[in-house]
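J.:
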Amino acid sequence: MNNTGITIVTVSIVSFLSGVYISQWFKCSPAASKGRVRYTSPKFASSEEETEDETEDEEDIDINSLALNEVPGEVRMTLIVRQDLKMGKGKAAAQCSHATLSLYKKITNPNSQAYNPEMVSRWEYGNGQAKITLQVPNQEEMDMLFAKAMSLGINSSIIHDAGRTQIAAGSATVLGLGPAPKRVLDEVTGALKLY
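Take the sequence shown: its letters are residues 12 to 206, numbered as in the numbering used here.
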């Protein structure tokens, strides 16, 4: 084996062992035991928005979306950002990430009423986990969209900010919908503009 091969094997082993050690550390940490792991490294971040790793409260009602499996066509996730809060792009991106993860965790959890592995499979493998980001003018309209989505059996989650940076604590920032068939999502979001 030449020096390049030895180097690759050494780096691989060190990476693997580091990953095992870090995962064990997170399992034992107080933050992990509460279901929240926060890692912030201001040394490498370029702005406050990038160091923010807040876990927001989520407004969740688990919806059984199994009936939507009968609707053919493209499956996507929709993220709806409130415009009246005037969040910076980094803040909005972080909030959308929280919404995406919240939706995914619900629909893949076998203990949740929202569990729907067929819909997840269609979303993951059918069209590359499509996510569309839209805008809504205010919380009142966001709440109406949330109610309509629930009435149609769409997996939904509203993200509430923790209030550590730009937004007041408890503010509803993003409404996440799906994964669900595009045709059904359009009944809720068809009139909204892209973010």
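All C-beta atoms, glycine included, are put in the ideal place defined by N, C-alpha and C.
Predicted model only: the values in this text are computed from it and were never measured.
1. Please determine, among Leu188, Leu186 and His171, the residue with the shortest C-alpha to C-alpha distance to Ala180.
2. Count the C-beta pairs between the segment 81 to 88 and the segment 121 to 139 that are closer than 8 Å, then say yes if the count reaches three, no if not.
3. Helix, strand or coil for Leu114? Go by DSSP, reduced to three states.
4. Tell me which residue opens and which closes the alpha helix (DSSP H) that Thr200 is part of.
5. When you compare only the Cα positions, how much space is there between Gln150 and Arg175?
6. What are the start and end residues of the beta strand (DSSP E) that includes Leu145?
7. Taking the alpha-carbon positions, what's the Ala125 to Gly189 distance?
8. Taking only three categories from DSSP, how would you classify Ala173?
9. Going straight from the alpha carbon of Ser167 to that of Met130, what length do you get?
10. Whole angstroms are fine: how far does the CA of Ala141 sit from the CA of Ser76?
11. On a Cα-Cα basis, can you pick out the residue from Ala110, Asp95, Lys100 and Gly101 that is closest to Ile169?
12. Per DSSP, which one or two residues make a beta bridge with Met88?
13. Looking at Leu79: is its Cβ nearer than 8 Å to the Cβ of Gly164?
14. When you compare only the Cα positions, how much space is there between Ala183 and Lys204?
15. Identify the residues that DSSP records as bridge partners of Arg93: which are they?
16. In terms of alpha-carbon separation, which member of Met161, Gln177, Leu156 and Lys116 lies closest to Ala105?
17. How many angstroms separate the CA atom of Phe55 from the CA atom of Lys97?
18. Please say whether Met161 and Ile91 have beta carbons closer to each other than 8 Å?
19. Name the residue from Gln146, Gly99, Gly101 and Asn127 whose alpha carbon lies nearest to the alpha carbon of Arg93.
20. Rank Met153, Val195 and Tyr206 by C-alpha distance to the C-alpha of Glu81 and give the top, closest one.
T.: In brief:
1. Residue numbering aside, residue 180 sits at position 169 when the sequence shown is read from its first letter. For the residues Leu188, Leu186 and His171, the minimum Cα distance to Ala180 belongs to His171.
2. Remark: three or more beta-carbon pairs, one from each stretch, lie closer than 8 Å, so the segment 81 to 88 and the segment 121 to 139 are flagged as touching.
3. Residue numbering aside, residue 114 sits at position 103 when the sequence shown is read from its first letter. Leu114: helix per DSSP, three-state reduction.
4. Your numbering for residue 200 matches position 189 in the sequence shown. Per DSSP, Thr200 belongs to the alpha helix (DSSP H) from Lys193 to Thr200.
5. Here residue 150 refers to the residue found at position 139 of the sequence shown. Here residue 175 refers to the residue found at position 164 of the sequence shown. Take the alpha-carbon of Gln150 and the one of Arg175: they are about 20 Å apart.
6. What you label residue 145 is simply residue 134 of the sequence shown in a count that begins at 1. Where Leu145 is concerned, the enclosing beta strand (DSSP E) stretches over Lys142 to Val147.
7. Taking the sequence shown and counting its residues from 1, one reaches residue 125 at position 114. Taking the sequence shown and counting its residues from 1, one reaches residue 189 at position 178. A straight line joining the alpha-carbon of Ala125 with that of Gly189 spans about 10 Å.
8. For this step, residue 173 is matched to residue 162 along the sequence shown. If DSSP states are grouped into helix, strand and coil, Ala173 belongs with coil.
9. The count along the sequence shown starts at 1 and reaches residue 167 at position 156. The count along the sequence shown starts at 1 and reaches residue 130 at position 119. C-alpha separation (whole angstroms): 14 Å.
10. In the sequence shown, residue 76 corresponds to position 65, counting from 1. In the sequence shown, residue 141 corresponds to position 130, counting from 1. Each residue's Cα considered, the two are about 18 Å apart.
11. Against the sequence shown, residue 169 aligns to sequence position 158. Residue Ala110 is the option with its Cα nearest to Ile169.
12. Taking the sequence shown and counting its residues from 1, one reaches residue 88 at position 77. Answer is Lys142.
13. Translated into positions along the sequence shown, residue 79 becomes position 68. Translated into positions along the sequence shown, residue 164 becomes position 153. Closer than 8 Å, so yes.
14. If you number the sequence shown from 1, residue 183 lands on position 172. If you number the sequence shown from 1, residue 204 lands on position 193. Roughly 19 Å between the two C-alpha positions.
15. Walking along the sequence shown from the start, residue 93 turns up at place 82. Looking at the DSSP assignment, Arg93 forms a beta bridge with Val147.
16. Within the sequence shown, residue 105 is the residue found at index 94, counting from 1. From the listed residues Met161, Gln177, Leu156 and Lys116, the smallest Cα separation to Ala105 is found for Gln177.
17. Numbered from 1 along the sequence shown, position 44 holds the residue referred to as residue 55. Numbered from 1 along the sequence shown, position 86 holds the residue referred to as residue 97. The predicted model places Phe55 with a pLDDT of 33, which falls under 50 and marks its position as unreliable; any figure quoted below should be read in that light. Each residue's alpha carbon lies about 26 Å from the other.
18. Position 80 of the sequence shown, counted from the start, is the residue given in the question as residue 91. Position 150 of the sequence shown, counted from the start, is the residue given in the question as residue 161. Taking C-beta atoms as the reference points, Ile91 and Met161 fail to come closer than 8 Å.
19. Position 82 of the sequence shown, counted from the start, is the residue given in the question as residue 93. Among Gln146, Gly99, Gly101 and Asn127, the Cα nearest to that of Arg93 is on Gln146.
20. Along the sequence shown, read from residue 1 onward, the residue named residue 81 stands at position 70. Closest option to Glu81, Cα to Cα, is Val195.
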